[in-house]
Amino acid sequence: MKMTFRWFGEGRDSISLKQIKQIPGCTGLMGVLDQYAAGEEWPLHVIQDYVRHVHDAGLEVEVIESVNIHEDIKLGKPSRDRYIKNYIKTIRSLAQCGVKVIVYNFMPVFDWLRTDLAHVIPEDGSNSLYFDEAELKGMTPVQIVENTAKSSNGFSLPGWEPERLAELQSILEQYKLIDEDKLRENYKYFLDAVIPTCEEVGMVLACHPDDPAWPVFGLPRIAHSQADFDKIVKLHDSPCNTVCLCTGSLGSDPANDIPAIIRHFGEMHRIGCAHVRNIKFLGPHKFRESSHLSSDGSLDLYEIMKALYETCPDTYVRPDHGRMIWDEVGRPGYGLYDRALGVAYLNGLWEAIGKNAKAAN
21 MKMTFRWFGE
31 GRDSISLKQI
41 KQIPGCTGLM
51 GVLDQYAAGE
61 EWPLHVIQDY
71 VRHVHDAGLE
81 VEVIESVNIH
91 EDIKLGKPSR
101 DRYIKNYIKT
111 IRSLAQCGVK
121 VIVYNFMPVF
131 DWLRTDLAHV
141 IPEDGSNSLY
151 FDEAELKGMT
161 PVQIVENTAK
171 SSNGFSLPGW
181 EPERLAELQS
191 ILEQYKLIDE
201 DKLRENYKYF
211 LDAVIPTCEE
221 VGMVLACHPD
231 DPAWPVFGLP
241 RIAHSQADFD
251 KIVKLHDSPC
261 NTVCLCTGSL
271 GSDPANDIPA
281 IIRHFGEMHR
291 IGCAHVRNIK
301 FLGPHKFRES
311 SHLSSDGSLD
321 LYEIMKALYE
331 TCPDTYVRPD
341 HGRMIWDEVG
351 RPGYGLYDRA
361 LGVAYLNGLW
371 EAIGKNAKAA
381 N
């Protein structure tokens, strides 16, 4: 297992590489180059500079997140081939720089969705990301975008880049013609085009689940259950076509047995990396982010880490979506302190699980 930390880049993150380097047991990043819009090719020299900068800080960067897929690819428009060619060029450039895993998603229009980015937790006064589907009633998608932008503390949020959502109303109209089967068909077209290059250069694609784990605003969503991901890995049967096992995204639906899902795909060698976090169920389609501690949320982090240890022990892991604690101000969900505590907790679980396994043998 390689413990990593999401970092958005110099000048775009409130956290420094020096701070990340000081987190015990954290050896690298799941990096981001979010200055490029979906569909753009990432220049090789920019990737090289980014990787060199991370290495100079004594950290690895073998996973890159958010190489976003252009909506024309998801919609199956004729222009998709141009954007797929750019994606393939980016795959080659990232591989040339030592990157081994690309995390992406195939969610139409919206990435993750929350109704409050700073919901106060009454038990301790911290705040966290929060979702209540009842609050969406009477709100339009455009209003959700505006509210999210206003609550971001001045930071760009992954999946909510203004350029990508500028034509929101027009894109929503186009999706009225796309159902789950058609979206899956367009997804296969993308995978069939890019996976051969991944196999050639040794790159793994890891699909992030829908977040939350159900359809929103009537949009088709095809990645929020074990059955969904079974279909995804079969769209193009290759070791390079894998899952980014996000415990909080899948875990937002209580029907998803996260340890069982990890074991299922871990035994298939189809987990490219894992985002590990906890959430607290508050009612139907209503939850908030909690600390990583099992007792603070609704997910059993011990069983989750045990499933990873037993089925995919060499995978990349990072803590995810921490609370804002100790008066920290930063990108919602991506502060330093609570995620650093998450690293310590996950590493402690991993050490205990490993020692118990050795003692049993």
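The sequence shown begins at 21 in this note's numbering and counts up by one. Note that beta-carbon positions come from the ideal geometry of N, C-alpha and C, so glycine has one too.
Top-ranked residue by Cα proximity to residue i, from the options
| i | options | result |
| --- | --- | --- |
| E153 | A233, F285, C260 | A233 |
| P279 | G78, A327, Y70 | A327 |
| I252 | C227, W346, P235, T267 | C227 |
| C332 | A379, H289, E220, E155 | H289 |
| I324 | M344, A379, C266 | C266 |
| C293 | P229, I345, L133, H73 | P229 |
| L188 | I164, L211, D199, K170 | I164 |
| L225 | Y124, D248, R308 | Y124 |
| W27 | D273, E155, A360 | A360 |
| M23 | G51, G31, G29, D33 | G51 |
| K109 | S148, V214, D69, A380 | V214 |
| G45 | N367, G374, I373 | N367 |
| S190 | D212, L313, P161 | P161 |
| I291 | S315, N167, C260 | C260 |
| K254 | G317, F285, L133 | F285 |
| G59 | N106, I43, G317, L313 | N106 |
| S86 | L64, D131, L95 | D131 |
| K375 | H139, G118, A57, Y329 | Y329 |
Inter-residue Cα distance where the pair is residue i and residue j
| i | j | result |
| --- | --- | --- |
| D136 | V129 | 19 Å |
| K120 | L302 | 37 Å |
| P352 | K208 | 33 Å |
| R112 | P304 | 43 Å |
| I242 | R204 | 7 Å |
| G78 | K41 | 7 Å |
| K61 | R102 | Residue identity check: residue 61 is Glu in the sequence provided, not Lys. Their backbone Cα atoms lie some 10 Å apart in a straight line. |
| D92 | P98 | 8 Å |
| D201 | Y195 | 13 Å |
| F237 | M344 | 28 Å |
| I35 | W346 | 15 Å |
| A377 | W370 | 10 Å |
| N88 | G158 | 29 Å |
| H295 | R338 | 5 Å |
| D144 | G48 | 31 Å |
| D365 | L37 | In the sequence as presented, Asp is not what sits at residue 365; that position holds Tyr. So the two alpha carbons sit approximately 20 Å from each other. |
| I67 | S311 | 33 Å |
| I84 | P216 | 19 Å |
| A247 | I282 | 13 Å |
| P274 | K306 | 11 Å |
| P142 | C218 | 47 Å |
| R20 | N276 | This structure cannot settle anything about residue 20, because the visible part of the chain is limited to 21 through 381. |
| D33 | G350 | 8 Å |
| Q55 | H90 | 15 Å |
| D250 | S258 | 13 Å |
| D212 | N206 | 10 Å |
| T262 | L149 | 27 Å |
| A380 | I373 | 11 Å |
| L319 | R297 | 8 Å |
| D316 | R134 | 20 Å |
8 Å contact criterion, which residue i and residue j should meet: CB distance rounded
| i | j | result |
| --- | --- | --- |
| Y354 | E348 | Contact doesn't hold; Cβ gap of about 10 Å is too wide. |
| A115 | G271 | Not a contact, Cβ separation roughly 31 Å. |
| G268 | I299 | 5 Å |
| D334 | M21 | 7 Å |
| I104 | F210 | 6 Å |
| P235 | I198 | Rounded, the Cβ-Cβ distance is 12 Å, inconsistent with contact. |
| H65 | E30 | Contact doesn't hold; Cβ gap of about 16 Å is too wide. |
| L95 | Y70 | That belief does not hold up - the Cβ atoms of L95 and Y70 are roughly 30 Å apart, past 8 Å. |
Continuous beta strand (DSSP E) stretch holding residue i: start and end
| i | result |
| --- | --- |
| I291 | 291-296 |
| F25 | 22-27 |
| A226 | 224-227 |
| V337 | 336-339 |
| G11 | Residue coverage of the chain in this structure runs from 21 to 381, which leaves residue 11 outside it and unanswerable. |
| V52 | 48-52 |
Three-state secondary structure assigned by DSSP to residue i
| i | result |
| --- | --- |
| F307 | strand |
| V236 | coil |
| H73 | helix |
| I198 | coil |
| C117 | coil |
| C260 | coil |
| N276 | coil |
| K94 | helix |
| S140 | The sequence given here has Val at residue 140, not Ser. V140 falls in the strand class under three-state DSSP. |
| I43 | coil |
| L313 | coil |
| Y124 | strand |
| F210 | helix |
Endpoints, alpha helix (DSSP H) assigned at residue i
| i | result |
| --- | --- |
| S34 | Here S34 belongs to no alpha helix (DSSP H), and DSSP marks it neither H nor E. |
| F151 | Careful: F151 lies outside any alpha helix (DSSP H), inside the beta strand (DSSP E) at 147-152. |
| V363 | 357-380 |
| I84 | Segment 80-85 is the beta strand (DSSP E) holding I84; no alpha helix (DSSP H) there. |
| Y329 | 321-331 |
| A247 | 246-255 |
Residue i at chain C interface by Cβ criterion, 8 Å
| i | result |
| --- | --- |
| Q246 | Considering every chain present, this structure includes no chain C. It has just one protein chain. |
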